[in-house]
Structure formats: structure tokens, C-alpha cells
Amino acid sequence: MEMLESEIRTDIFDVEEPFADELERMVVRCFHGCRTEDAGHYLIHGIRAHRRDELEARLRAMIAEDERLRWMAPTLSERMAEFPSATDEHRSYVVLDDRFMLEHAAHYLIYGSEWIAAVLGRSWRHPLLERGVPTMIEVDLPLSWVTLGMRKALSRLLLSEWTRQTVDKPAHVYQRSFTFILDRDLPPEIVAGHYHPETMKDPWDGRAVYRSPRTVCEHCGNNDGRG
187 MEMLESEIRT DIFDVEEPFA DELERMVVRC FHGCRTEDAG HYLIHGIRAH
237 RRDELEARLR AMIAEDERLR WMAPTLSERM AEFPSATDEH RSYVVLDDRF
287 MLEHAAHYLI YGSEWIAAVL GRSWRHPLLE RGVPTMIEVD LPLSWVTLGM
337 RKALSRLLLS EWTRQTVDKP AHVYQRSFTF ILDRDLPPEI VAGHYHPETM
387 KDPWDGRAVY RSPRTVCEHC GNNDGRG
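Quick note, my numbering runs 186 ahead of the 1-based positions in the sequence shown.
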């Protein structure tokens, strides 16, 4: 915001594209919501892009292990076919504002994989609540990795917020819905840390407040609670 205040001397729309070009040199803190037993896995291996075959294998293993779900096994292939995910294949997603995710899209933290939860269906998602800990992975994303279109969209968002801060001088920054989509895995070098939120709202349960029974994963336990 300081850079904008010092540089803008013209119509705000005239600086949108030059600002997007400047953003290419920057790194932004982003967030990836998940449910995991060990956040240390992300620190070692990074964030894997969506791979349908890996999700199918994970779901088959879960159904084989859980006697409550074994009845699904004979028709599992048909159930999975009802939920195509080609548009997500080999894509990674991170968000700019973790507050917005906790308020409006926390199902990724509450249930884990959105696709697995969809295949299981509303009546059979509860076993997912017994696995892992709701986790927010912190990512320092180089904006040179995202498309010019995304940087332009981010430029518009930041300019809009700068205008609001300058004119209205509010005491807070609004929650923002902004997602970066990348056609790649995210390496461990850009994973900065993690935390486990205690409460969040479940968009699949009328936005009821979900209180996590655990706020420590294996990595936290092995590192005296540090992320």
C-alpha cells in the first residue's frame, strides 16, 4: 500500500497493468486448507497438485479399512464416475485470505478432499472427521509463477482496497475471496509453516460453527507445538 501511495498520481485504472507487472517480482503469503495427520509432510514434500488416480487410491483404501463404508465397495467405480474432476487435474490452489476460507470455504479443512467427500455423500462423510487435523498450510508464493491475468486481477483487488483505505480510512481490512490456480506442484521450499484453527464455519452444514477436537498434529507434537 505504501508503494501505491507514493506512485499513483493519475487515474487509478491507468496503473492497473503496470502494477500487475510490478507484482511479478513479489512474493505473497497464501494459504492452502487441508485435513492431515502430519503437516510436516508438506514441509518435506510440498503441496501435490490434484491427481485423480491418487485420490481414487486413497478412497479405495479408506473404504477397505472402515467397516462402516465397505458396503460401497461393489459400486464405488460407478459412484466415482458421477464426480468428474478433469478441470482440477494437475492443478494446485492457494488463497490470499485465510480468514475468508475459515468463514466461507472451511470444508477443505473439516473434511479434507472435496472430491472424496462428494463421492461419499452427505450421509457418509462423518468418518472423514475422525482422520487428521484441520490445517492451514502457509505458502510464500512467487507471483512470477502465476499468469498475467491473475496478477491483473490481484492488481485490481489491491487498488480497490487501497482506494477504500485512503477514502474511508477503516479500522480493518475486509475479508477477500481470491484464489491462485497453478498448473503445478508447489515445492517444499515455498511452504512457510502451518497452523490449526480451533473454529471455522462449515458451508456444508448451513455454516454452523465447527470446533476442531484437535489442534495439534504429529509435526506439532514432535516440535513442541511449533508450526
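For every residue, glycine included, the Cβ atom is placed at its ideal position computed from N, Cα and C.
These numbers come from a predicted model, not from an experiment.
Annotated three-state conformation of residue 406 is helix, per DSSP. Nearest C-alpha to residue 207 among 388, 328, 270, 266: 328.
Taking a C-beta distance under 9 Å as the contact criterion, residue 301 and residue 274 qualify as a contact pair. Around the beta-carbon of residue 350, fewer than 16 other beta-carbon atoms lie within 10 Å, marking it exposed. 9 Å or more divides the Cβ of residue 216 from the Cβ of residue 318. Listed in chain order, the alpha helix (DSSP H) elements of length 4 or more contained wholly in the stretch 259-286 are 262-267. Beta-bridge analysis with DSSP links residue 394 to 388. In the three-state scheme derived from DSSP, where H, G and I count as helix and E and B as strand, residue 255 is classed as coil.
Judged by DSSP secondary structure, residue 206 falls within the alpha helix (DSSP H) whose first and last residues are 202-209. For the pair of segments examined, the stretch 335-349 was found not to touch the stretch 230-243: the number of CB pairs separated by less than 8 Å stays below three. At the C-beta level, residue 292 and residue 386 come within 9 Å of one another.
One thing to note: residue 295 has its Cβ within 9 Å of the Cβ of residue 219.
If you ignore the 5 residues before and after residue 397, its C-beta comes within less than 6 Å of the C-beta of 385, all in its own chain and listed in chain order. Counting only residues of its own chain and dropping the five nearest sequence neighbours on each side, residue 283 has a CB closer than 7 Å to the CB of 361, 362, 364.
In the three-state reduction of the DSSP assignment, residue 243 falls in the helix class, which pools H, G and I. Taking all protein chains in view, the Cβ of residue 407 is surrounded by fewer than 16 other Cβ atoms within 10 Å, so the residue is classified as exposed. Across the structure, residue 247 and residue 374 are spaced so that their CA atoms are roughly 26 Å apart. Restricted to the stretch 285-348, the beta strand (DSSP E) segments that are unbroken, complete and at least 3 residues in length are 319-328, listed in chain order.
The shortest C-alpha to C-alpha distance from residue 263 to any of 405, 332, 326, 241 is the one to 241.
In the three-state reduction of the DSSP assignment, residue 228 falls in the helix class.
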